[in-house]
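S.K.:
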Amino acid sequence: MNFIDLAKKRYSVRNYESILVEKEKLNTILEAGRIAPSAANYEPNHFLIVNKEDGFKKLSLSADTHGGSLAIIICADKNRAWVRPYDNHSMVDIDATIATDHMMMCAESLGLQTCWITYFNPEILRESFNIPANLIPVNILVIGYSADKTALSKDRHSETRKAISEIVTYDSF
Ligand SMILES: Cc1cc2nc3c(=O)[nH]c(=O)nc-3n(C[C@H](O)[C@H](O)[C@H](O)COP(=O)(O)O)c2cc1C
Numbered sequence: 040m041n042f043i044d045l046a047k048k049r050y051s052v053r054n055y056e057s058i059l060v061e062k063e064k065l066n067t068i069l070e071a072g073r074i075a076p077s078a079a080n081y082e083p084n085h086f087l088i089v090n091k092e093d094g095f096k097k098l099s100l101s102a103d104t105h106g107g108s109l110a111i112i113i114c115a116d117k118n119r120a121w122v123r124p125y126d127n128h129s130m131v132d133i134d135a136t137i138a139t140d141h142m143m144m145c146a147e148s149l150g151l152q153t154c155w156i157t158y159f160n161p162e163i164l165r166e167s168f169n170i171p172a173n174l175i176p177v178n179i180l181v182i183g184y185s186a187d188k189t190a191l192s193k194d195r196h197s198e199t200r201k202a203i204s205e206i207v208t209y210d211s212f
C-alpha cells in the first residue's frame, strides 16, 4: 500500500479488542521510532512500554487509554534536545512527535490501530512510572486491534479535513 492510501486508511480508534499486540510487531514499531529523525540527530527520545495489566491500571490514573492492549509513552530528554539559539526554542516536543508519528504509521502498516493521546495528567503520569525529571512525557500512543464493527471510510477526509486551498500559500503571505 502506498503512503497516501495508508494515511487515509488510518483513523483514531477508541475501542479495542482484548488481544495482545505481538512482540515482533512491537519490535517493528519501536524500530520505526528509533530511526525517526531528530534535530541535529541528538536523539532525545525514550519510549516507555505499557503492555501489562498493572501498567494499564497505573496509566488509567492519568489518561483514558480506551481499552488498548499496548501503550507507548513517548518521552524526550529536555537536556538533550537541540535548542535553536535565535529564540531558545527547544525541539523536545517536535522530536518526540516525529517518532510518535513514525510509530503510529508503522502500527497501521502492520494491521494495528492507534489512538494518539495528549490529554493526560503529566504529574500523575510522572509519579506513576517514576519518570526522571529530565524526561518530558510528550505523547502516549495507544495501540491495539480495533473492536469497531466497521472501519471509517478512506474517503472521509474530503469532509473531515480542510481543502488544500485553505492551508497552502505559494510564494508569500
Ligand atoms: C497531537 C495530538 C493529540 C491528540 N490527543 C488526543 C487525546 O488526548 N485523546 C484522544 O482521544 N485523541 C487525541 N488525538 C486524536 C485526534 O483527536 C484525532 O487524530 C483527530 O480528531 C483526527 O481524527 P482521526 O485521527 O480519526 O483522523 C490527538 C491527536 C494528535 C495529533
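Here our numbering is used: the first residue of the sequence shown is 40, the next is one more, and so on. Just so it is clear, CB atoms sit at the ideal spot from N, CA and C, and this is done for glycine as well.
#1: May I ask which residues mark the beginning and end of the beta strand (DSSP E) holding H85?
#2: Is any heavy atom in ligand 1 found nearer than 6 Å to the beta carbon of I206?
#3: Spell out the partners DSSP gives N155 in its beta bridges.
#4: S204 by DSSP, collapsed to three states: which one?
#5: Under the criterion of a Cβ to heavy atom distance below 6 Å, does T157 qualify as lining ligand 1?
#6: Between the stretch 57-64 and the stretch 191-211, are three or more C-beta pairs nearer than 8 Å?
#7: Please report the distance separating the alpha-carbon of L87 from that of A46.
M.R.: Reading off the structure:
#1: Translated into the one-based positions of the sequence shown, residue 85 becomes position 46. Unbroken beta strand (DSSP E) run through H85: 84-89.
#2: Counted from its first residue, the sequence shown places residue 206 at position 167. Incorrect: I206 has no Cβ contact closer than 6 Å to ligand 1.
#3: Working through the sequence shown from its first residue, we reach residue 155 at position 116. Note that residue 155 is Trp in the sequence shown, not Asn. Beta-bridge pairing links W155 to L180.
#4: The residue given as residue 204 occupies position 165 in the sequence shown. S204: helix per DSSP, three-state reduction.
#5: On the sequence shown, position 118 is the one that residue 157 refers to. Yes, Cβ of T157 sits closer than 6 Å to a heavy atom of ligand 1.
#6: no
#7: Here the question's residue 87 lines up with position 48 in the sequence shown. Here the question's residue 46 lines up with position 7 in the sequence shown. The alpha-carbon atoms of L87 and A46 are separated by roughly 25 Å.
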